[in-house]
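Structure record follows, encoded as structure tokens.
Numbering (my numbering), first residue to last: 77 to 768.
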């Protein structure tokens, strides 16, 4: 098979040769050699694939190179092998007798070379953990056990040049760890760096990489259990209220199933209830609370700082999150301007109350504006520029040379003539409890504008006025992250006397499982290959006695359009044997392509058959005695909890010793850190005994 064309810009580019080309060598030179030790120990020149971690949507890929089969035209089980063959090198060690490959990836945006380790885990009857707990919790208990599963791991920065171990498969501190079964269904086990824990790779970059890999390798469905936090805030709740989706929702991960009986309808209803909370109503509901005034001040500061109207808590959280991601200088300027009330609207001869000075050598901001009231700029414009200058100086260490200050202020004020006029005349002007001072640096001969504290003379003693930053209590507007944490914990989680808000929060926090689906894209020449979906059609006895669970999803297969029926049977048989443990000796007897029976088929009968058509397969040789039949295990245990759960959702459960039905410990008032009784009898069995 041919590999993916290197002309696809947003994808991972797979080099044809084992040697790095000149452009890659140049990129390696600027890559800070973080992974230099690992690359130097390799016997051959390393294969380096470039990764564009841009957040912008990728352009449509160009037509693939010459057929017959580019890398991402087949199912996952074939594509992963091609990826390892062309883009990775096998390591000189194994983990539990399982081979390990390493692919070196180069981030085009940061110039960092980092490793992607791929471990092929072969499943067999003596395997210590042959079944997949993640499949059971996400609702894939009915899937047949796959023969292989692949771990894709990017370790922490300091582990990049160290070999994987068996404990590596259990760790949750990797930058990225995904597990994909050879049938294309998989799980994103962990992703760290959402809050920039890595020096080189952050959460969005890692998710972009993971999404590109899943797209190129043609995965089918990937699940994630969203337990991510930002400090004390659950991101699935924070982003759910702000954006109506989780953080993973940016990449298309949607609600799959909730715990404790939460359905998709309940989840969406809870999102609507919380997102529509009116900020004016919030201020009213908290007005008599201990921190009510602080809640009001925080909300009003961000209302004033926003260019658009903030009506709901969703609008407010979105704006605060956007501020948190903006550069520090711009964020401080925006919040400082919002926190400083403008006095120019009341153009009177009185001195503003906020001017706390008595030194006649200093002039108030008000006096400065009145002094130049005859200028061609209105007082409001002069006041705006003075306050931007103040905020810019505060955000840059209280001292800047004239040109640097001018360039920084230009990002917020477009009139350069106005900026130059203010900077030229703004010497010894007091604003709040500080004043702006101009002086020439004797060494550099440059004009320096600085921000200094106002000194109040009281006889022979001098007292320095303290700034707001010295006050240990939360000061609204100084830090958007701290303000967001306060509103999240105090307002959202502590909303007074609202059962609907409390219930909605509980339902969102109980919704942890999300899934993204990929549509299979056959990029082959339409006249040469067909994409088919193989579905097993068991016999009546197999359905009644053995295969009692829903049939697993169909298996993907790409075949030449002019293949004969016998050739098609052989390809179907090889694909199923290669994928599932229960089909290791499966023999295809007959097939049905859509409405066409095998007896009607002739050589080349697939001519004119639609892409994605289902092929029903009958045969013999299913290993129905094996314990490795279903990912959920062989036990048919019953879940019937009072919350509405009818299947294992990954939460802690206990079985009733009378009826043997499993229920949640939480729903039976058993705390997570509390041991269950040796003899547990559910409420229904207890009530039944009392009636007897």
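Heads up, the beta-carbon is just placed ideally off N, CA and C, and yes, glycines get one too. Just so you know, these numbers come straight off a predicted model, no measurement behind them.
Can you give me the C-alpha to C-alpha distance between residue i and residue j, rounded to a whole angstrom?
i           : j           : result
residue 394 : residue 553 : 16 Å
residue 479 : residue 519 : 16 Å
residue 709 : residue 346 : 34 Å
residue 135 : residue 740 : Confidence at residue 135 is low in this model, with a pLDDT of 42, below 50, so the placement of that residue is unreliable and no value is reported for it.
residue 458 : residue 293 : 59 Å
residue 246 : residue 715 : 28 Å
residue 712 : residue 704 : 14 Å
residue 473 : residue 286 : 40 Å
residue 171 : residue 235 : 16 Å
residue 454 : residue 398 : 32 Å
residue 763 : residue 726 : 28 Å
residue 341 : residue 158 : 41 Å
residue 86  : residue 604 : The pLDDT assigned to residue 86 is 30, lower than 50, so where the model puts this residue is not dependable, and the model offers no usable value.
residue 687 : residue 244 : 41 Å
residue 296 : residue 173 : 28 Å
residue 643 : residue 252 : 41 Å
residue 629 : residue 306 : 36 Å
residue 656 : residue 154 : 14 Å
residue 651 : residue 224 : 13 Å
residue 502 : residue 379 : 29 Å
residue 233 : residue 322 : 27 Å
residue 437 : residue 353 : Any reading at residue 437 needs caution, since the residue's pLDDT is 45, under 50, leaving its predicted position unreliable; the model's value is listed next. Near 51 Å, if we compare the C-alpha coordinates of residue 353 and residue 437.
residue 357 : residue 259 : 51 Å
residue 617 : residue 209 : 29 Å
residue 485 : residue 528 : 19 Å
residue 760 : residue 312 : 34 Å
residue 482 : residue 164 : 51 Å
residue 196 : residue 556 : 45 Å
residue 373 : residue 559 : 10 Å
residue 593 : residue 291 : 10 Å
residue 161 : residue 178 : 11 Å
residue 304 : residue 645 : 46 Å
residue 500 : residue 514 : 9 Å
Compute the distance between the beta-carbons of residue i and residue j, then report whether it is under 9 Å.
i           : j           : result
residue 261 : residue 211 : yes
residue 191 : residue 230 : yes
residue 511 : residue 299 : no
residue 277 : residue 388 : no
residue 648 : residue 664 : yes
residue 176 : residue 167 : yes
residue 730 : residue 749 : no
residue 475 : residue 516 : no
residue 331 : residue 344 : yes
residue 207 : residue 254 : no
residue 382 : residue 350 : no
residue 660 : residue 694 : no
residue 227 : residue 188 : no
residue 326 : residue 396 : no
residue 662 : residue 717 : no
residue 264 : residue 248 : no
residue 734 : residue 719 : no
residue 464 : residue 488 : yes
residue 562 : residue 370 : yes
residue 610 : residue 690 : yes
residue 317 : residue 568 : yes
Just to check my reading of the structure: residue i and residue j have Cβ atoms closer than 8 Å, yes? What is that Cβ distance to the nearest angstrom?
i           : j           : result
residue 377 : residue 392 : Contact doesn't hold; Cβ gap of about 11 Å is too wide.
residue 221 : residue 256 : Wrong, their Cβ atoms sit about 14 Å apart, outside the cutoff.
residue 613 : residue 692 : 5 Å
residue 365 : residue 572 : 7 Å
residue 367 : residue 566 : 6 Å
residue 634 : residue 149 : 6 Å
residue 203 : residue 626 : Contact doesn't hold; Cβ gap of about 25 Å is too wide.
residue 622 : residue 700 : 5 Å
For the ligand COA, I want to know if residue i counts as a neighbour, meaning its beta carbon is within less than 8 Å of at least one of the ligand's heavy atoms.
i           : result
residue 252 : The ligand COA is not part of the structure shown, which contains no ligands of any sort.
Looking at the C-beta of residue i, does it have a partner C-beta in chain C at a distance below 9 Å?
i           : result
residue 723 : You won't find chain C in this structure, because it holds only one protein chain.
Practice problem: Ignoring anything shorter than 4 residues or poking outside the segment 480-521, list the alpha helix (DSSP H) runs there in chain order. | Solution: 492-501
Quiz item: Which full runs of the beta strand (DSSP E) of 3+ residues lie inside the segment 729-761, going along the chain?
Solution: 729-731 and 738-740
Exercise. Any chance you could list the beta strand (DSSP E) runs of at least 3 consecutive residues sitting entirely within the segment 225-272, in chain order?
Key: 252-257 and 261-267
Practice problem: Check whether the segment 576-589 touches the segment 335-345, taking contact to mean three or more Cβ pairs, one atom from each stretch, closer than 8 Å. | Solution: yes
Practice problem: Kindly provide the ranges of any beta strand (DSSP E) runs that are 3 or more residues long and lie completely inside the segment 290-327, ordered along the chain. | Solution: 297-301
Quiz item: Can you list the alpha helix (DSSP H) stretches of 4 or more residues lying completely in the segment 342-387, in chain order?
Solution: 355-361 and 368-381
Quiz item: Where in the segment 683-723 do unbroken runs of the beta strand (DSSP E), each at least 3 residues long, occur, reported from the N-terminal end onward?
Solution: 689-696
Quiz item: Could you give the uninterrupted runs of the beta strand (DSSP E) lying entirely in the segment 614-659, keeping only those of 3 residues or more?
Solution: 631-636
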